[in-house]
Structure formats: C-alpha cells, structure tokens
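Colleague: These protein sequences, in sequence, are chains A and B. With our numbering, letter number 507 in the first sequence gets 507, and the count goes up by one each step, no holes. Just remember that our numbering sits 1363 ahead of the position in the second sequence, which is counted from 1. Note that CB positions come from ideal geometry on N, CA and C, so glycine has one too. Got a structure here, written out as structure tokens. Questions coming.
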Amino acid sequence: MSDGTRDPVGDDAAMADVLARWDWAATPVGDPSTWPLALRTVVRLMLTSRFPMWAGWGPELMFFYNDAYRRDTLGIKHPWALCRPAHEVWAEIWDDIGPRIGKVLTSGEATWDEALLLFLERSGYREETYHTFSYSPIANDDGEHIAGMLCVVTEETDRVIGDRRMATLRDLAADLAGRHAETEVLATAERRLAANAKDLPFTLVYLHDEGTARLAAVTGLTREHRAAPPVIPRGASDTWSIGEVLSGASTIVVDDLADRFGSLPSGAWDESPQRAAIVPLTQRGQADPVGALVVGLNPYRPADLGYLAFLELVADQITAGIAGARSYEAERRRAESLAELDRAKTEFFSNVSHEFRTPLTLIAGPVEDSLHDDLDPLTPVHRERLETVRRNTGRLRRLVNNMLDFARIEAGRGTAERVATNLAEVTRDLAASFAPAIERAGLQLEVDCPLLPRLVYVDRDMWEKIVLNLLSNALKFTLDGEIIVSLRGTDSGPELTVTDTGVGIPAEQIPQLFDRFHRVAGGRARSHEGTGIGLALVQQLVQLHEGVVSATSEEGRGTTFTVRLPYGESATGTNPQFESSLAAYLDEALQWTTESVVLEADSESRRDEGTVLVVDDNPDLREYVARLLQPYWRVLMAADGQDALDVLAETTPDLVLTDVMMPNVDGFALLHALRSDPLTATIPVILLSARAGEESTIEGLEAGADDYLVKPFSSLELLARVRSALLLGRLRNREAIWRTALVQSLDEGIMIADTNGTVLEINAAVDRLLGLEPAGAPYKPPHPFWPDEGDHPEDFAAVQAAFAEALTSGEFHGQLQFRHLAGHLVPFDVSVASIFDGDERMFVATIRDLTDDLRAAERQVALTSFAAKLSKSSDVRSVLDAGLVELCSAFGSRRAVATMWDAGGDPVVVSHPTGSTWNDLAADVQTAVTDVAAAGRGPVVVGGAGAPTGIALAAGTTQHPIGLWIEMSSSRPLTADELSLAAVVGSHLGQAIGRAQLFEDQRQIATAMQRSILGPADLLPDVAVRYAPAELPLQVGGDWYDVIELGDGRIGLVVGDCVGHGLDAATVMGQLRSACRALVLHLERPGDVLDALDSFAGRIEGAGCTTVLCAVVDGDVVHYSSAGHLPALLVHADGRHQFLDDGRSVPLATLAATPRPQATVEIELGSTLLLYTDGLIERRDEIIDAGFARLAQTIIEHRDLTGEALIDRMMGELLPGGGHADDVAVVAYTHPAASRAFVATVRAEASELAPLRHSLGAWLSAIGADEQSVTDLLIAVGEACTNAIEHAYQLSPERTVSVSARLSAATVSVEVVDDGAWQPPAASPGDRGRGLPIMRGLMDELVILKEDSGTTVRMAKKVTLVR
Amino acid sequence: LSDDLHIQIDRRHGGAIVAVAGEIDKASAPVLRSELDATAADQGPITIDLTDVTYLDSSGVAVLFERLRQGSTRLVAGPSCHVRSVIDITGLPLEPLGDPPAT
C-alpha cells in the first residue's frame, strides 16, 4: 500500500478507509452496525491480513475483499466490485468457480485448488492467470446456516508461466544438442516450439538468404497461410518487417495482425494472437542476424520484458543450432569436394585421353600412307624420320588406350565380356607374336602352355592386355637371360606365370607394384619411359575376372608374375568385337631393343645431350674422332693436355676423350688435374691409348679414368663407350649435386663417421644445431657434442651407450640430449645407420632437433587443459580467472591481463597474478588492447626495445569486448608459433566467454524472477530485508526471506535456502515460500509451521534438504524453530549477543522430525534480530566459526543502526566488493516494532500540554529511557508544541497538533506536526525566543521544516535504555 | 492552581524562600508569576528553590528572568535538580542550595 498522500475516496485509499466511507445504506447488507457478528469478524480478519482474501456474504454472495486481494488480483475492478454479487464480479470465470462455491455453500466443505487457470479481466483485457486458492464456508451467527464464504488465494501466474517457458528452453537446448544438419535443427525447433502453443501460438523462422528472407520453419500455421510467405523480399512487401529487424538487430512487436492477415489460428487458446514479436536470430559475436523468429503472442499475456526475454532466449537457441549446423555442413562439404576433386581428376584424364585418339589417327594414317607409298617412295632420310613418327604414335595410342581402359574400369564402367576360350592356344599365340622383340633383344623365350582340361571364359581383349603387359614388362627389365611364359590348369582355374631373369624388384617395393603411377625406382631397364600404369591395369583386368595377380622377385635374379583366374562362366554369350593391341605393344618393345644397337643414328638425341672434349695431338685422329661424334654431340677439340686445360677453364664439357701419349701435359697429367679440381672432378674421362694390354688398362683406371679404349678401336665401340660414359657422368654429376644439395639443405643434421665413430663430415644443419663447424671435422669420440659427464651424468651415459650400440650393431634410433657448443643441452631424435663404402663400414647419423616438437606437445597439452578448464566455468569472471592462469603457464609469461569496459566506458581489469591495474599497463599497451578489443582482432605484438614484449588480442564478443594482454618476461621477439597459439587461445576464450555471457543473460532473467517472487522490500518500518544474488560464480540460488504481519503487533520472520542454483532452485523456492507464508498466517507457531512445511516439501521435487528458519516476534519474546538452518543472531542494545541455537532440527523433507522443537527467547528494547543465509558468512578456506564471529562483531558495532541502514553497512563490511560466491537473503528486525510507537494528537491549547507530556513521558519510561533523557525530551517536545499553540493557532484554537515518537535502537525520534507557520526567534533573546535554543541544546538532532502547509519539527535524542 | 505546580512560601526575616515543585509550562507559568509578584511585594527579597521542579519550559524561564530583572531575587537548586540542563542552556544564574542568607 502506498504511504503517499491518502485520498479517502480515491484508488489509493486503504480498504479500511473505503469501507468506512461506503454508503452502506444503499446496499443489501445495510449499515455495518447492523451486520451479523460473523460478517463483522470476517471483514475485520480480512482487513488486518496481508494475505489476499475475499469473502462473499448473503444469498448473492456480496463481494468483500482486502487490500492484498485488490492489489494482486482485482485490478481495475476496484472499487466497482465492492458489495456487488460475486457472480457479477467474476462473471468471466464463474463457469469455473461457481460450481466450487456452490459446493462450499451446500456441503459446508472447504475446497482447495492448486494453480488453477482462470481468465481474469482485471487489467482491461482477458488475462491468463493461475491461482492457488481455498474456499471455506462462513457460518451465520446461529452457527447452523452457511451465510457466506471466504476465499484465501495466492496468485501463481508468474511461477506457472515461468516454469512453462523454462521447460521449453530446456527441452529446446537438450534436443538441439547434437543436431548436425540445418534441416534437423529446424525440424527439432519446430517440434519443440509447437509443444508450447501457449506462449508460442504460432512461430515462423525466416533465414536470411541473399537479400531475401526464406521461410525455414513454421509452427501453428500451415505453410500455405498468407501469414507465412515462403519468401519475403526486402523492401516494401516485407510482410513481417524482417528487413527492419535484420538491420536493427533488435526485437520489434507488431500489434495489428488482424489487419495484416485477417484470421489466424489461435494455438492453444480460443482467440487468435493480435500481436507478434519479430526477434532477430543473432549469433553471438556476429553483427548481422542470420534471420528472424516471428512469434504470434499469447493474446492473454502482456508482451512484457519477461515474455520478450524468453523469446530472445528461444531465438538464441535456434541461432546457436543453425550456426552449429552450418559450420558442420561447411566441414562436410569440404570433405566431399576433396573426393569430388579425385573423381574429376580421373574423369579429366579419361576425357583428355579420349580427345587424343582422333588427332592420333589423323597423324598415324598419313604417316602410314607415306611409308607404304610405292609410287612416290620416300627418301631414306624422310623414311627414317617418319618411322620414328609411326613408332611414337603407336606408343602414344597404347598409352591412351591404357589410360582409357583404366579410367573406365575405375569408374565402374568396365565389365568383362567373357567368352569360351581355348586359353592355352590364345596365350601361346600371343607369346609367339611377341617373340621377335624378345629375340631381337638377345633373350630366350620359352613358352609352356599345354592344353587346359576345360574351356575358360575370359574377355579376350582383356586377356590379351594382361599377357602383353606382363611380357613387355618382362622385356623392359630383363637385360639378358630368358623369359618364360607358362600356363597351367589348376582345380580352381588357369594360372599364368611370366618369369624373367631381369633386374628384379626390391622386396619392399612389391606391395606398391600394382599401384597406379608407381614405378620401381632406380632399377636398370631398357627404357625409362612409361606411365607406370601397365601393372595397375593388369591388376584391374584380373580383378574384373575375379582373379588375383601377384609377384615374387629376387633382386638381381628375376621376377615372376602369377595370374590366377577362375574358369568362369559366360556372362552374355555374345562374342564382342575387339581391336587387338598386339601391334602397338610389339612396336614399342621392338623400339627398346633397337635402342641398344648404337648404329641407328637417332636424330632425337643429337647435340642436346652434351659436349665432348676431344684431346689428341694427332690432328687426323682428332678430326676422325670428332667426325664420328659430331652427329650426336657438340665436339670441342684440344691439341694437348695444356690446351685442354685452357679450354676447360672456359667451359665444362660433359666428357673428356683424351689420348694418353701427348707432349707437354699428357693424358694422365690431364686426368690428375681434372680430378683434383672440384669443378671438374666428376667429368667422365675416357683414355685413348695405343698401348694394349691389361696392365695399361688398369693403370688408366687406377688413375681415375672412367673408361679405357685401345687403338685401333671401331667407330661403333667408340660411340657406345662415349654414350655410356656420358650417361654415367650425368648420373654421377646429378647424383653428386643432388646429394650435396640435399644433405646441405636438410633441416636434419647429418654426420658421417668412419668405422671407429670418428665424424668425418657434417652438414650445415649440424653447425646450426650444435655449433660444430663442418670445416672442423674430423671429430673423434668422445665428440664435442656429448653432454658433460659431471653436469649431466645420465645424459652422458645415454649418449655413451647409444654410441656403443651403434658401433656394434650398426644402427641406433632414439632420443638423446646433445650439448651445443654454447653449453646448453638440446633434445634430439637420433638415427644411426651403417653403410658399406667399399670394404669399410661407415655410419650415417641423422639428428633432428626435438625442442619444437616437445614444445608443441606441451602446448597441445596446455590447450587441451585450457579448453577443459574453460568449459567448467560458467561466468565471464571465472572464465577469465581460469583463462589467465592457463595463459601464463602456456606462454611462460610474466602476467596476463584481461580488460573489459564498464557501462561508462571505463576499463575494468582482471589479472594473473592479481593486483594489476589499468594504469600499470604502458600507454602503447593500453592503446593496443583497446584497439584489438574494439576491432575483435589480434594477436598484435607490442613492446620490445627494452620494454617487455607481449601479445594483445581480443577475446570477447561484439557486445562485450575483452582485450587480453600477455606479457612476456623479457623483450625477446615472439615466434610465429606463439602468435598462432595466441590466436587459438583467444578463440577458445572468446567461445567460452560467449557461452558464459549466454549463461549470465539467463541468470539475469532468473534473478529478475527471483526478485519478483520475493516481492517488494517496503515492509514494516523496523524490519528490513535484502536479497543479493551471488556475484561469483554468478548464479541465482534458492535463498529467500519473508516477513509476515500477524496482527496484534506480532510479526513472522522467515529465511530459507533451497538446495541448488539456477531457475530450478528459484522455482522450488517460490513454491516453498508461498506455502510457508500461508502456514505462518494459519498456524503461527514456528514449530508447527515447519512440521507442516515438511510434508509440503516432500511433495515438491527438489525441495528436499531445504533449510528454513522461522521466527515469530510476539511482544517481548521471540518463538523460533530451525530446520537445519544457521542460527539467528540476537544483539541487545548494550552489546550483549547470542546465536539462537535452540529449537533446531533437520532440514525439510529429510527425516521424520515431528514434532519439530521450538524455542523462545526474550528480546529487549533496541535488540536487533538478524536472520540470514549462509552466503553472508561462509568463506572459502575458513571455518564457519570465523564467519559467525565476524557477523556478531559487525552487528554489535553497528547496533545503533536499524533497517536498511543496518543492512547496507553489514553487507558492505561482510561482502566487500569483488563478489560473494553464494546468494544471500537477510532479514533484520529491531525491537520494538514501530507499531508500538507513540502517537498523539491534541487540541492547540495550553491545557493540553500537560496531559500530552504525561502520556509521552509514560511511553518513554515504558521503553526504558533514562530519567534525564525523558525530562529533556519532554521539555523539547513541549517547546515545539508550545510554539505551535502560541503562534500558529492564535486565531483558531480548534486546530490540532500531532506528536509521534518512536524508538530505533537507542535513539528516540519525535515528530511534531502542525499546519501553521513557525515563528522565528526574536532578535534579542526575549522570553519566547528561548524555545529554539532550548530544543537545540537538549536534542542531538533538530530539523525544522517550514512549508506553506505547516511546520514539522523533527528531533532525535540518543537515550540510555534502562530496564 | 494547577495540579502539577506546587508553590510553598517560607516567609522569613528580610524575605522569603519560595520552593517550587512540579511542572512549569505555558499553562502554569502565569500562576508562578503572580505568586512571585505577590510574595516580592509583601516580603522583599526572595530566594526561589527550583530543586523539585520536574518540568521547565521557556515560559517558566521567562517568568524567572522577569523576576531576576526586577532585582532582589536569586535562584537556587539542589544537586537532584531535574531541569538543570534547561537552566544551563538558557543562562539562568543558579546558585547551589545552602543555608538561606541572612537567617
């Protein structure tokens, strides 16, 4: 009720006043003096109760109600409803309540309804409300007839609707978790939103899609409904103002649905929504909404903040679901497009190959024609050229065909067209037709294909390719010996083997032999051409016949391929056409074999292959050799060794062909000069000598020549030797260059050691890794990089053991610590292998620095633990606390600082270690942190040049920017690794903070709910209450307080604490509080109240273990009972104190505790009684006794304070800023209650002064004020009254003066009010002018308020209370 | 006379001792004034004993100042005086209670 000015007939008047002024004569119940006792009793009961009640009296059930009912339930029906028939007052719900009332009146039994839905029209519209109420009969004075009924009601609308919304949010969150597809997310959202048709009569989800909004989900409407357009373009025809919502990113409400759409479905109600809210679907941290949620609003609820906040939480859930699905989808698409790329590659090859066929035919045809043109025969030169063209087109065609076959089979389009085949005959024929190429290569062909016991069903074309590929493969890799083709019939099918005596295949390469594009590396072969597709094709073809192909090989001895097929059955019965590939295979094979016959002048190889320096002092021989070589290579000439060296100074030939016997510098000298210069050391040298005999040959070779030719030599032999020497030289050269480049470029360190372990050679990396210079080799063991035996005995021992192992077994692999020349140890991964260089065993050691690996592994561990720790924190502050600690350890940094900005834009800093302030940061750091936070960027490196380096990066969201500063211990440069780690950490933190902020938003709603349940705090003047939600970790709890006026000056005081946090606890709390309030009003004895509350709590899920303290102040005693709650604190005016720890029992709904004990304690004037929950006194790392002591000390110190002032001071000292971990509910009561204060009004006459003084004096004595204070107070009050009488009312003695006084703690406050003008004191202290100095002298405080309407004198004096 | 104000006059040589007891407020101050005026007119110098005054407001203070201004008057009070604080504040010249002078 308002304490403002009271208009006796206005809406704000108390019901008691309204009733007093009512024109009762005009009503059926008549004047109150004539009312039956029962009616008078009921009306008085109602008027003194703060619990909402109404009563119906008489046959028409004339309507009476109290202030609480008027405020909570009746709304604008007051005062119209007063003394009106109940069925008129509640016409809209009479169908619901009429029968219940009828039953009460006829049977005399009370009713009880819990949370019953009633549609009230008390605010100008039909409203969805829930009430828990009981109707009880009122007997007439005769005690026999029922003359009326009383209703006690609690409105539970907020709780019921809050529960319903919470359930929707909970279900939505639970169902959306783990949905990976956007369609699934939308379908789930549809299902969940449809389930709450009360708050969400219809909903539409529109997703932003390139300038338009597309309908993605709908509930409560058909998709055909005109209110649900499938696509909304931006602009004029934007049915739902979606453009406005998307650009403004805030919710709007439209209220003209009927005008927009005509009739709409009504959801769970019987009336269609008139209003709709359009809520943006905004992803956290993103500026642009992904879409909008349109919700038709419950026509029976106001679109208040709670409703809209609920819708925004729904929107948040949907947005999060969609965002998750989209990123999942993007991930999936990436994977698919990779697979697609693979397919496309094969497809591309196939297409390209196909495109080659036509031009190939057009090339091959005319060439063929020209070669066979007898009328106009080609000249030998042209014939030779065109033969080359023909051979190569043939080869190209075979490659293309293979490619196509392969692609077709791989694409699943290849099928074996099997026909009955005499496989032995076919195979024999194929082998025979390939024989010329084999024989020409100087190889033997053996064909062993006896008739098979039965026909075999194979695809002839494919079989041909299988056999020919195997044969050509064998020929290619067999330089001498034989090739054996063998076919055998086994029980399961034919078995073909093709065996050669070729170079063989290293065992480790056999598994990859049939892989596409795989080519055996480094083997000798007739040709290095080829695509590496032949054997892969063989395997594919064999597999199409459900067969297997395998290979066995021995290096240097030969290879055997084995094909096993089933006999098979005819698939189609047809005998398809096929084009034999034989010619193409044969042609190519023949080409390889002719290549070894040097005579053919192959123009392709001319000139490009190198330069030969010919050195001979005989000009004829020199010219002859040059002529022989010129068709193939560039030829330089020198007349002797010295001349040759001059040429070599200018240019580097690929081969030197030199005579031995020459003037000046002879052949051996030239050879020696060449070999001793690194630039020319690898050039192959062929010596020409007239000296025959083995000795001279050996002499030449020992001198380092690559070959030795004895004159006279045949031209063919010369060319062959030159050719092979050039090849060898190129290989050697390339290998050497490659080897050096490779070894030097490796990040790994390479060391080469001799058989004793002496390091002969190291690469540049070793220099970098260990500080050893390559030029410093050889290094003898123990090597300089061994750890110091004294400082690191274990590491030294490990290296020593590894060294010994490598020397004996020839290999080692493991991790070792080596000593850098600078002294520090570095971890390495070390591999040692041994090789034989000639007869000598050499060791190659590879070392790889593990520092980065180990650091990366550590960081991975740190990141994992970082993410895990963050996920445990549910509020921004604890996310940051955990995050900063982890940051410091991940970076080994000196400190980490997070900065947020408060509403006023001032920076708020959290740091690890704690204690850093904004001003501790350097100016450039402040700027960088502000910039990155505002832009959402990072990481940025700041500092260096003496100042510590650090990284600034953003970690917050757009709404709540947060800037991080990670400060390193020194001004060292930061690595790219550290920056990328910082970026990852920042994004982890950002996500965690986003989560926490969502959680905080929910908490704010929950806090608002909690506060609305607990209600306003303006209760009784000497009772103050306070609820403070936890600040850390920012959770709503289940604490509550309650103050209940019980009449006769008695007051019920309650505090309680439900288990748990969050909305669940708040909901339980609301129910328990309502129940407890009703029970206190009804039962009044605290022990009984808690007994009854026990059984109530037993029926509410989550109410178990709730602790409650219930106290009733009754005169000068307090009765109390505690259900496991902390003891109340009683502090007397003189500073004595006690904790009320009697009357204790177990928490609610735990054990049977009936009857619960109840205790009584006396209280005194000025005593303070404090009820509280554990958040007020509990501290981490502290025993609770310390909390009790601190509380007592605080209250004793401030016992002079009362009410809000006391609570303010107490909370300020016990919960200093920085937050408390639990929520807190507090009730503070100062005895006596203000209802016992002194109030008197007297006529403005001098004769009234004495009686007034005496009654005030009696009151002051009664409260225990000391005698002197009493006298002083009486004199001061007397002065104020005298002044009012003398001056204000000289002309109208009928006026009155009112005096009120109250005791708060040990201070008496008095207020004297008149409505005249205060007289200022006379200029000289005349007789009457002494009043003011007297008052001022006697009182501690004096305030005189002079207004046109009158004068108020307020004074106060601290008194000594004596009992 | 007011119920709450009692005035006892002890006449002696050269004056009188006026013992005031009870409450002096706006209503009773005129009574005190007339008693004092009458006593002074009859008896000469007077001593006013305020020991038993339980209430004294500015009206009473005014009467006392008026009497003092006319001379031949002194105020006394014993240690148990209730209204000493008002007397101090207003500056009334109060003497300790002892044997009356000129006995």
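#1: Does the region 1344 to 1357 of chain A come close enough to the region 1369 to 1378 of chain B to have 3 or more Cβ pairs within less than 8 Å?
#2: For the alpha helix (DSSP H) that contains residue 17 (chain A), what are its first and last residues?
#3: Just the C-alpha distance for residue 280 (chain A) and residue 305 (chain A), rounded to the nearest angstrom, thanks.
#4: Does the Cβ of residue 421 (chain A) have 16 or more other Cβ atoms within 10 Å, making it buried, or fewer, making it exposed?
#5: Within its chain, find whatever has a CB closer than 6 Å to the CB of residue 781 (chain A); leave out the 5 residues flanking it on each side and keep chain order.
#6: Just curious, the alpha helix (DSSP H) that residue 247 (chain A) is in, first and last residue?
#7: Is residue 1459 (chain B) helix, strand or coil by DSSP?
#8: Is residue 1105 (chain A) near the ligand MN, going by C-beta to nearest heavy atom under 7 Å?
#9: Along chain A, in chain order, which residues have C-beta atoms closer than 8 Å to that of residue 1383 (chain B)?
#10: Does any residue of chain A have a CB that is nearer than 8 Å to the CB of residue 1380 (chain B)?
#11: With DSSP as the reference, label residue 661 (chain A) as helix, strand or coil.
#12: Distance, Cα to Cα, residue 1358 (chain A) vs residue 1286 (chain A)?
#13: Assuming residue 962 (chain A) contacts residue 993 (chain A) under a Cβ cut-off of 8 Å, what Cβ separation, rounded to an integer in Å, is found between them?
#14: Report the CB separation of residue 724 (chain A) from residue 708 (chain A) in whole angstroms; it is logged as a contact under 8 Å.
#15: Tell me, please, whether the CB atom of residue 1207 (chain A) is closer than 8 Å to any CB atom in chain B?
#16: What are the partner residues of residue 1041 (chain A), as DSSP defines its beta bridges?
#17: Please check if any C-beta of chain A sits within less than 8 Å of the C-beta of residue 1440 (chain B).
#18: List the residues of chain B whose Cβ lies closer than 9 Å to the Cβ of residue 1250 (chain A), in chain order.
#19: Taking all protein chains shown into account, do 16 or more other C-beta atoms lie within 10 angstroms of the C-beta of residue 1033 (chain A), making it buried, or fewer, making it exposed?
#20: Between the C-alpha atoms of residue 1364 (chain A) and residue 50 (chain A), what's the straight-line distance to the nearest angstrom?
#21: For residue 1424 (chain B), which three-state DSSP category applies?
#22: Closer than 8 Å is the cut-off here; do at least three beta carbon pairs connect the region 554 to 568 of chain A with the region 446 to 466 of chain A?
#23: Rounded to the nearest angstrom, how far is the Cβ of residue 68 (chain A) from that of residue 52 (chain A), given a contact under 8 Å?
#24: Mind checking if residue 1246 (chain A) is an interface residue toward chain B, Cβ cutoff 8 Å exclusive?
#25: For a contact meaning CB atoms closer than 8 Å, what does residue 1271 (chain A) contact in chain B?
#26: Listing by chain order, which chain B residues have their CB less than 8 Å from the CB of residue 1279 (chain A)?
#27: Which chain A residues are close to residue 1453 (chain B), counting only those with a beta carbon under 8 Å from its beta carbon?
#28: Does residue 950 (chain A) come out as helix, strand or coil in the three-state DSSP assignment?
#29: Comparing alpha-carbon positions, which option in A:1122, A:334, A:1097 lies nearest residue 1150 (chain A)?
#30: Looking at chain A, is there any beta carbon in it that lies within less than 8 Å of the beta carbon of residue 1462 (chain B)?
#31: Among A:1166, A:155, A:102, which has the Cα closest to the Cα of residue 70 (chain A)?
#32: By the three-class DSSP mapping on this structure, what secondary structure does residue 1033 (chain A) have?
#33: Compare the Cα-Cα distances from residue 24 (chain A) to each of A:56, A:40, A:83 and report the closest residue.
#34: Give the secondary structure of residue 491 (chain A) by DSSP, where H, G and I count as helix, E and B as strand, and everything else as coil.
#35: Under a three-way DSSP split, which group does residue 1110 (chain A) fall into?
#36: Please report the residue range of the alpha helix (DSSP H) in which residue 1374 (chain B) lies.
Modeller: For this structure:
#1: no
#2: 15 to 21
#3: Residue 280 (chain A) and residue 305 (chain A) have their C-alpha atoms some 16 Å from each other.
#4: It counts as buried.
#5: 757
#6: 242 to 248
#7: strand
#8: Here there are no bound small molecules, and the ligand MN is not part of this structure.
#9: Per Cβ cutoff of 8 Å: no residues; residue 1383 (chain B) is ~15 Å from chain A at best.
#10: Cβ-Cβ to chain A under 8 Å: no for residue 1380 (chain B).
#11: coil
#12: 28 Å
#13: About 6 Å separates the two Cβ atoms, so the contact holds.
#14: Between residue 708 (chain A) and residue 724 (chain A) the Cβ distance is about 13 Å, and since that is not below 8 Å, they are no contact.
#15: no
#16: A:1055
#17: no
#18: For a Cβ distance threshold of 9 Å, residue set 1365, 1366, 1367, 1386, 1388, 1390, 1391, 1418 of chain B lies close to residue 1250 (chain A), ordered along the chain.
#19: Summary for residue 1033 (chain A): the model assigns pLDDT 48, below 50, so the residue's position carries little reliability; its value from the coordinates is reported in the next sentence. Classification of residue 1033 (chain A): buried, given that the 10 Å Cβ count is 16 or more.
#20: The question about residue 1364 (chain A) has no answer, for chain A in this structure spans 1 to 1363.
#21: helix
#22: yes
#23: 4 Å
#24: Closer than 8 Å: yes.
#25: 1417, 1418, 1445, 1446, 1448
#26: 1420, 1421
#27: 1330, 1333, 1334
#28: It is a strand residue.
#29: A:1097
#30: Note that residue 1462 (chain B) scores 49 on pLDDT, short of 50, meaning its location in the model is unreliable and no value can be drawn from it.
#31: A:155
#32: Any reading at residue 1033 (chain A) needs caution, since the residue's pLDDT is 48, under 50, leaving its predicted position unreliable; the model's value is listed next. Coil, per DSSP.
#33: A:83
#34: In this structure, residue 491 (chain A) counts as coil in the three-state DSSP scheme.
#35: strand
#36: No alpha helix (DSSP H) holds residue 1374 (chain B); the beta strand (DSSP E) holding it covers 1368 to 1375.
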